[in-house]
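Residue numbers (my numbering), protein chains in the order written: chain A, 1294 to 1548; chain B, 11 to 426.
The C-beta atom is built at its ideal place from N, Cα and C for all residues, glycine as well.
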Amino acid sequence: MTATQIDLLQSAGSASQANLSISAERTEVNAIVARGIEMIYQSGAERFRALKNIDLDVKRGDIQLLMGPSGSGKTTLLSILAGILTPTAGSVSLLGEEIFKLSGSKLAHFRLQNIGFIFQGFNLFPALTAIENVEVALNLKGIRKGAARQQALGLLDQVGLSQQAKRHPQDLSGGQKQRVAIARALAGNPRLIMADEPTAALDSHNGHAVIELLRNLAKEKGRTVLIVTHDPRIIDVADSVAYLEDGVLKAGAHR
Amino acid sequence: MASIARKNLFEDIPRFIVAQAGIVFAVSLVTIQVGILKGFTRSTALLIDQSSADLWVASKEMVHLELTSPIAAEKVVQAQKVPGVERAEALMIRSSVWRSDSGLITPVRIFGFDPDSRLFAGWAVSQGKLSAAKQPFSVLVDRSSLKNLGQTQLGEQGKIGTLPARIVGLSQDTQSIVSSIFIFTSLENANAYATAGLNTSVSCTRQTKGDLTCTNNFENAPLDGVAAPLTTPRSLSISDPISYVLVRAKAGQDLQQLKQRLEAALPNTRVYTQAEIADQTRVYWSDRTGVGFILSLGATVGFVVGMVIVGQILYSSVTDHVREFGTLKAMGASNWVIYSVILEQAMWMALLGYIPSMAFCLGLGAWTQTAKGIMILITPATAGGVFMLTVVMCVGSALFAVQKVTRVDPAIVFKA
Ligand SMILES: Nc1ncnc2c1ncn2[C@@H]1O[C@H](COP(=O)(O)OP(=O)(O)O)[C@@H](O)[C@H]1O
Ligand SMILES: [Mg+2]
């Protein structure tokens, strides 16, 4: 073996090391990395291109807003970023994991471990009390019985609803319901929170309370939060805002 | 999992009650149809099952217990001589009409046998005594048949044909649902009843070649005719027609071999074991009459109705909660978690439908048995089978409802 050959090998080795550190750094910085997302809805003969070649990076610990007019594709993008909807093309990496390379059940398990959801319509089980709704999420994550009850109570306390633990959703105000839903989303301490229009069904007072809560809970634990909204009041708490229009993403300013 | 299934079920109490009423109805329908079929087939061979004869000697033409050609009473004597036979007895079955004092007439089937022996009459006598049937013109009837004969109690008297018949005892669990009312009495009485109301005359004509051809004529006596003076029924002669020879084998006999010896010794007969004649009778009634088919059809309808009801209820319950189920899936719950919630709901519906149904059917069966003499036979096997069927019905419906949540539609989960 000649000296030049050894040199070459050594330089090859250091190059691959550099690559490794780059990819490690990328997962370190970005909790969400989306590349080339395309979504085409096919209904009958009609094809509708809802998302057009979207790239998005969300930094760890950031509150990322996704704004845009109704029908612009926000919910579609959120569903894809959460691994609920498979895009026509493109890739999504969450916390360093290429989620669409996972099998269906692995992906479901990934969501269970890492993502908390908040919905515009709250999506609470009407037959269950506030605390039971939170317990269900804990049960799913393998926390059972007494431990689940204890943790559920703690979570309700964090959202200021420990007094309402035994109430059914129908006996709670919209703001209270959304706080129960937030407590449920926080169950099991996920690193990502994904919220679709969390304040759209709330009046401004309750909306504000929910936003405050989201911000505090996110910042406190260094969670990454993706919020789809039309609500301009949320802009104040966001680290970064992206705009969608007709399926095209226009990255906004990072603050 | 926090009890989503149960909570969902009881969320809307009126709907739950309507659903359970539907399931109770369906399960009861299945149970009653199966119970009637079982009770019916059992009742057709009750007398055979309760007899203690090892073998039944019958005419070759026998179709079922009550449909056979007569054989001569001398076959009893012949059978008694066959080696291996411990005891042989005559059983006579005849049809007639019962006439109550109030003028009600009812077709009856008369069973004549030896009241001193229990070879035929293995059943329980709930009132009176079996031996009382030895007295002239005395009979036993099933306690459930009294009303149908237009009678009310022991000691009353009606008429069979033109002859008097006093009810001296009540038997229990003897009446076949499909038959005329059974009358139990001694061979002598039965023989008298069988020929009662008949005037016999012999007319003979001399043929050209000098042969004498004689014909026995049996004619019905005029209904309002003067009753013949009552005489004690005569004992059977060897030429009198009977229906069966009941045989008890000596201890340790091979029944199949004894059967063959009897058939060889008694020409134009066929010999059945107790199980054979019981089966032949049951199969006749359940298959040849279509009753079995009709009742099975009823049970099937019950099953389908139940399936549709449970399916409908579960489907609408799942539809009502499709967003919550979708939310669970979005959160990362496996399909199995969702299915198990729906299955648990189905199992609760099955259980809470089955228990009241079974209680209802047992109560109904007790009533029909005492009031109508119709047996709805719910054996532990039937009860177990119906439970399995209820579970299958509910789980089948659940599988139908599950398809609603096999995939999450983000449009539903994220709906405002
Ligand atoms: N399942 C679907 N099939 C067909 N078109 C759909 C479907 N879901 C959404 N769309 C269309 O895609 C576009 C974007 O929808 P959506 O992501 O819900 O927008 P937003 O959340 O911004 O209001 C809309 O025009 C909508 O009609
Ligand atoms: Mg939307």
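Nonlocal neighbours in the same chain, by C-beta distance under 6 Å from residue i, ignoring five residues either side
{"i": "A1544 (chain A)", "result": "A1535"}
{"i": "F303 (chain B)", "result": "none"}
{"i": "F335 (chain B)", "result": "I348 and V415"}
{"i": "V1326 (chain A)", "result": "D1350 and S1386"}
{"i": "R97 (chain B)", "result": "R258"}
{"i": "L39 (chain B)", "result": "G312"}
Backbone CA spacing between residue i and residue j [nearest angstrom]
{"i": "G395 (chain B)", "j": "V107 (chain B)", "result": "41 Å"}
{"i": "L47 (chain B)", "j": "D152 (chain B)", "result": "21 Å"}
{"i": "V188 (chain B)", "j": "A83 (chain B)", "result": "28 Å"}
{"i": "V423 (chain B)", "j": "L1479 (chain A)", "result": "18 Å"}
{"i": "S1314 (chain A)", "j": "R1328 (chain A)", "result": "For S1314 (chain A), the predicted model reports a pLDDT of 41, less than 50, meaning its position is unreliable; a value from the coordinates is still stated below. For S1314 (chain A) and R1328 (chain A), the distance between alpha carbons rounds to 20 Å."}
{"i": "R1319 (chain A)", "j": "T329 (chain B)", "result": "The pLDDT assigned to R1319 (chain A) is 45, lower than 50, so where the model puts this residue is not dependable; a value taken from the coordinates is nonetheless given after this. Rounded to the nearest angstrom, the two C-alpha atoms are 43 Å apart."}
{"i": "R1516 (chain A)", "j": "T337 (chain B)", "result": "21 Å"}
{"i": "A100 (chain B)", "j": "G308 (chain B)", "result": "40 Å"}
{"i": "A204 (chain B)", "j": "I120 (chain B)", "result": "8 Å"}
{"i": "D264 (chain B)", "j": "Y294 (chain B)", "result": "27 Å"}
{"i": "R271 (chain B)", "j": "V92 (chain B)", "result": "7 Å"}
{"i": "S1572 (chain A)", "j": "R1342 (chain A)", "result": "Any property of residue 1572 (chain A) remains undetermined from this structure, which presents chain A solely from 1294 to 1548."}
{"i": "R1353 (chain A)", "j": "E354 (chain B)", "result": "41 Å"}
{"i": "I248 (chain B)", "j": "D297 (chain B)", "result": "36 Å"}
{"i": "G168 (chain B)", "j": "I115 (chain B)", "result": "10 Å"}
{"i": "Y325 (chain B)", "j": "A356 (chain B)", "result": "11 Å"}
{"i": "L268 (chain B)", "j": "V86 (chain B)", "result": "15 Å"}
{"i": "A1317 (chain A)", "j": "E1391 (chain A)", "result": "Confidence is the limiting factor: at A1317 (chain A) the pLDDT is only 44, short of 50, which leaves the residue's position unreliable, though a coordinate-based value still follows. Going by the C-alpha atoms only, they are around 14 Å apart."}
{"i": "Q1469 (chain A)", "j": "G32 (chain B)", "result": "38 Å"}
{"i": "K1434 (chain A)", "j": "A1511 (chain A)", "result": "20 Å"}
{"i": "V1518 (chain A)", "j": "F397 (chain B)", "result": "51 Å"}
Within chain B, partners of residue i - CB distance below 7 Å
{"i": "G1361 (chain A)", "result": "None at all; the shortest Cβ gap to chain B is about 15 Å."}
{"i": "T1368 (chain A)", "result": "P420 and F424"}
Residue i beta carbon near ligand 2 (any heavy atom closer than 8 Å)
{"i": "V1530 (chain A)", "result": "no"}
{"i": "V1521 (chain A)", "result": "yes"}
{"i": "S1363 (chain A)", "result": "yes"}
{"i": "F424 (chain B)", "result": "yes"}
{"i": "T1368 (chain A)", "result": "yes"}
{"i": "G330 (chain B)", "result": "The sequence shown places Asp at residue 330 (chain B), rather than the Gly named in the question. Result no, Cβ not under 8 Å from ligand 2."}
{"i": "D1489 (chain A)", "result": "yes"}
Chain-order list of residues whose beta-carbon lies under 7 Å from that of residue i (same chain, five-residue window excluded)
{"i": "A1445 (chain A)", "result": "I1424, V1427, E1428 and L1431"}
{"i": "R16 (chain B)", "result": "W358"}
{"i": "I386 (chain B)", "result": "I42, G45, I46, G49, C371, L374, G375 and T378"}
{"i": "V1530 (chain A)", "result": "I1356, I1504 and R1508"}
{"i": "D234 (chain B)", "result": "With a pLDDT of only 49 at D234 (chain B), under the threshold of 50, the placement of this residue in the model should not be trusted; the figure read from the coordinates follows. No residues qualify anywhere along the chain."}
{"i": "G1467 (chain A)", "result": "A1494, L1495 and N1499"}
CB-CB length for residue i against residue j, believed under 8 Å
{"i": "L129 (chain B)", "j": "A63 (chain B)", "result": "5 Å"}
{"i": "T291 (chain B)", "j": "V67 (chain B)", "result": "Contact flag wrong, Cβ pair sits at about 16 Å."}
{"i": "P243 (chain B)", "j": "P80 (chain B)", "result": "At roughly 18 Å, the Cβ-Cβ gap does not stay under 8 Å, so P243 (chain B) and P80 (chain B) are not in contact."}
{"i": "L1449 (chain A)", "j": "A1458 (chain A)", "result": "5 Å"}
{"i": "V311 (chain B)", "j": "A360 (chain B)", "result": "About 19 Å separates the two Cβ atoms, so there is no contact after all."}
{"i": "I1553 (chain A)", "j": "I1475 (chain A)", "result": "Outside the displayed range of chain A (1294 to 1548) lies residue 1553 (chain A), so it cannot be described from this structure."}
{"i": "T78 (chain B)", "j": "S253 (chain B)", "result": "6 Å"}
Residue i beta carbon near ligand 1 (any heavy atom closer than 8 Å)
{"i": "T1552 (chain A)", "result": "The question about residue 1552 (chain A) has no answer here: the residues shown for chain A are numbered 1294 through 1548."}
{"i": "D1524 (chain A)", "result": "no"}
{"i": "D1350 (chain A)", "result": "no"}
{"i": "K1543 (chain A)", "result": "no"}
{"i": "L1537 (chain A)", "result": "yes"}
{"i": "G1383 (chain A)", "result": "no"}
{"i": "Y1334 (chain A)", "result": "yes"}
{"i": "F1341 (chain A)", "result": "yes"}
{"i": "G1540 (chain A)", "result": "yes"}
{"i": "A421 (chain B)", "result": "yes"}
Per-residue contacts from residue i into chain A (C-beta, under 7 Å)
{"i": "M341 (chain B)", "result": "R1404, L1405, F1410, A1430 and L1433"}
Neighbour list for residue i in chain A, Cβ cutoff strictly below 8 Å
{"i": "E21 (chain B)", "result": "P1419 and A1420"}
{"i": "T337 (chain B)", "result": "F1410, F1412 and N1416"}
{"i": "N158 (chain B)", "result": "Neighbours of N158 (chain B) on chain A: none; closest Cβ ~54 Å, over 8 Å."}
{"i": "I14 (chain B)", "result": "F1418, A1420, L1421 and V1429"}
{"i": "K17 (chain B)", "result": "F1418, A1420, L1421 and E1425"}
Where residue i meets chain A, residues with beta-carbon distance less than 9 Å
{"i": "R333 (chain B)", "result": "F1412, G1414 and N1416"}
Closer than 8 Å at the beta carbon, the chain B residues around residue i
{"i": "L1378 (chain A)", "result": "P420"}
{"i": "D1489 (chain A)", "result": "F424"}
{"i": "A1401 (chain A)", "result": "K339, G342, A343 and S344"}
Residues near residue i by beta carbon distance below 8 Å, same chain, minus five either side
{"i": "G1414 (chain A)", "result": "A1494"}
{"i": "L1371 (chain A)", "result": "L1359, M1487, D1489, L1519 and V1521"}
Beta-carbon neighbours of residue i, restricted to chain B and to distances below 9 Å
{"i": "S1398 (chain A)", "result": "S344 and N345"}
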